[in-house]
Every structure is written in structure tokens, then in C-alpha cells.
Amino acid sequence: MSVSARPSNFGTRFHNHLYAALGLDFVYKAFGVQDITGVVAGIRALGVRGCAVSMPFKEAVIPLLDELDASAAAIGSVNTIVNTGGHLKAFNTDYTAIQLLIERHALDRDARVVLRGSGGMGKAVASALRDAGFTRGVIVARNEGAGRELAARCGWDWHPTTPDIQEGDLLVNVTPLGMAGGPDEHTLAFTPEQIARAGTVFDVVALPSETPLIVEARRQGKPVVTGLEVVALQALEQFVLYTGVRPSDEQVRSAVEFART
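Each residue of the sequence shown is one higher than the last, beginning at 429 in the working numbering.
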């Protein structure tokens, strides 16, 4: 199952497609919830094998669980719960997905990171970049406490507003700006002028896969990393944690295409 304040269908379609393709006796459902304490109690009581955790519960769920994997403990944020005989262990496959995408896109470790956002996903992305060797970065966050804390964790700087973009910067959006159905779905996380000076543009928003930020970056001919890539990779790693089975590349591609329709 998955829980969030605003659930999407991607995970449901992705996981159920692979269960059918591989003949696995599982079913996946998405729920919009407000009571994360009740959710965790339900996972224990009903023997739910696994649960994806999205905003705004990635940090609030931690005290309710039995064990944190290193991927979750290192950043203080959870996106996956695995239930083994009533023992609930937390993981963060967002972190794993970002690590894989850094390698896949050969992102320049010498680039300065300008990352907008400081929530649970922001922690996962910033920590993965830091651990991959990105030593220069700026966390842009209106929440000074959270912004400064994340910046300090990474050895980066904090600004309440976007600083001057330097030639070749890696721009990363980890806010809901550009998310379909939200109040800011048509808003650019960075201005066209800032994008023009950037080296690569990375948007973790997956719905739509072509956010206003990605559309503008493509228009300017900039290399991009999309939220669809993130959500597909993190969902794959969740699938493996839940089932112990790793699908083939072709099966994953088929599941992603099915999930997008």
C-alpha cells in the first residue's frame, strides 16, 4: 500500500502490473490519509507486507517504527516500510534512486547545487548528492530552521530566496511547484534566466513528468533529470524490498509505461 495526503495512481499501477506479469500473489492500493499513527497500527494489525510513505509523513512516521535501515537513518526520512512478521523496518528508496541517477546522468560533481526545498524528499536528494561528492551547494528554503539544518548536514549554505545562479550550476526542485492539481501547477521553480545559466536541471515532481521546469529546460536545450525517473527507480527498489524479486529491465519499462497511462 501507499499513504500520502495526495495519493497518485503511479505506484498502484506500477506494482500491480509487475505482480501480474510475474505471477505474484500481492495487491497494491493507495490511500489518502491524515492519521499516520492509525496507519502504522493498521499495518501491524492487518499484516500488510509493505507501505510506501509520501508527503507529509516521511519524518513523522519514524517514531512509530521498529528499525531504520541506513538509507533512512542517515537522512532522517522514510519512504518505505517493510513488515516482516510484525517487525516494521524503514528504508528510503528515494535516496537510492537519486544515487543511481547521479551515475546514470554522469552529473558533474564539481557543479554547485542549488536545491529548492527542505522537506523529506529534499533531505533524500541533498544527502545523496552530498554522499556522491557534491561539496558545493545551497539549500533554498523559506523555513529557516529546516533549511539551515539541511544545509549544515551537507556542509552547504542556506538562503531564504534563490541566490544568483552561476554558470553550470545544478538546479534541483524538491518542492510541489509545478505539480499537477496543486495551487502552483503552472509555476516555474526557477526562472528562465536562471535556467539559462544552469548546467543541468533536475525536478523531482513526477506528476506531470514534463513539469513547467522540465519543459522550459528542454526548450533551452539543457540536460534534464525528471521526476518520472525518480519515481520509477524508487518504486522498483520498493518492489524488490516487498517481494524479494527483481524484475527484468523490459518488465520494468513495461510497468512504467502502463503506470503512466
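We put the beta carbon where it would ideally sit given N, CA and C, even for glycine.
Might you give, ordered along the chain, the residues of its own chain that have their beta carbon closer than 6 Å to the beta carbon of residue i, omitting 5 neighbours on each side?
{"i": "residue 569", "result": "546, 575"}
{"i": "residue 440", "result": "456, 458"}
{"i": "residue 580", "result": "none"}
{"i": "residue 544", "result": "568, 601, 603, 617"}
{"i": "residue 560", "result": "530"}
Within 10 Å of its beta-carbon, does residue i have 16 or more other beta-carbons around it, so buried, or fewer, so exposed?
{"i": "residue 474", "result": "exposed"}
{"i": "residue 540", "result": "buried"}
{"i": "residue 604", "result": "buried"}
{"i": "residue 608", "result": "exposed"}
{"i": "residue 629", "result": "buried"}
{"i": "residue 506", "result": "buried"}
{"i": "residue 462", "result": "exposed"}
{"i": "residue 640", "result": "buried"}
{"i": "residue 466", "result": "exposed"}
What does the alpha-carbon distance come out to for the pair residue i and residue j?
{"i": "residue 447", "j": "residue 483", "result": "25 Å"}
{"i": "residue 593", "j": "residue 685", "result": "35 Å"}
{"i": "residue 704", "j": "residue 669", "result": "Outside the displayed range of the chain (429 to 689) lies residue 704, so it cannot be described from this structure."}
{"i": "residue 646", "j": "residue 612", "result": "20 Å"}
{"i": "residue 444", "j": "residue 591", "result": "43 Å"}
{"i": "residue 735", "j": "residue 671", "result": "A query on residue 735 cannot be resolved here, the shown segment of the chain reaching from 429 to 689 and no further."}
{"i": "residue 627", "j": "residue 598", "result": "6 Å"}
{"i": "residue 573", "j": "residue 651", "result": "32 Å"}
{"i": "residue 487", "j": "residue 480", "result": "13 Å"}
{"i": "residue 402", "j": "residue 437", "result": "With the chain running from 429 to 689 in the structure shown, residue 402 is simply not present."}
{"i": "residue 435", "j": "residue 536", "result": "33 Å"}
{"i": "residue 589", "j": "residue 496", "result": "33 Å"}
{"i": "residue 667", "j": "residue 675", "result": "9 Å"}
{"i": "residue 442", "j": "residue 636", "result": "16 Å"}
{"i": "residue 644", "j": "residue 618", "result": "10 Å"}
{"i": "residue 665", "j": "residue 533", "result": "19 Å"}
{"i": "residue 584", "j": "residue 501", "result": "20 Å"}
{"i": "residue 558", "j": "residue 587", "result": "18 Å"}
{"i": "residue 531", "j": "residue 683", "result": "23 Å"}
{"i": "residue 623", "j": "residue 648", "result": "8 Å"}
{"i": "residue 653", "j": "residue 606", "result": "15 Å"}
{"i": "residue 662", "j": "residue 621", "result": "31 Å"}
{"i": "residue 499", "j": "residue 485", "result": "17 Å"}
{"i": "residue 453", "j": "residue 477", "result": "12 Å"}
{"i": "residue 564", "j": "residue 549", "result": "19 Å"}
{"i": "residue 432", "j": "residue 518", "result": "16 Å"}
{"i": "residue 451", "j": "residue 678", "result": "16 Å"}
{"i": "residue 494", "j": "residue 625", "result": "46 Å"}
{"i": "residue 470", "j": "residue 655", "result": "30 Å"}
To which residues does DSSP link residue i through a beta bridge?
{"i": "residue 555", "result": "Beta-bridge pairing links residue 555 to no other residue."}
{"i": "residue 567", "result": "543, 586"}
{"i": "residue 432", "result": "460"}
Which residues in the same chain have their Cβ closer than 8 Å to the Cβ of residue i, if we skip the five residues on either side of it in sequence?
{"i": "residue 658", "result": "522, 525, 526, 529, 632, 634"}
{"i": "residue 472", "result": "511, 514, 516"}
{"i": "residue 552", "result": "503, 505, 507, 520, 522, 523, 526"}
Which residues in the same chain as residue i place their Cβ atom closer than 7 Å to its Cβ, once the five residues preceding and following it in sequence are excluded?
{"i": "residue 489", "result": "464, 468, 481, 506"}
Unbroken stretches of the beta strand (DSSP E), 3 residues or longer, contained in the segment 455 to 523:
Listed in chain order, the complete beta strand (DSSP E) runs (minimum 3 residues) inside the segment 455 to 523 are 458 to 460, 478 to 481, 508 to 512, 515 to 519.
So within the segment 594 to 668, which uninterrupted alpha helix (DSSP H) runs reach at least 4 residues, ignoring any that extend past its ends?
620 to 625, 640 to 647
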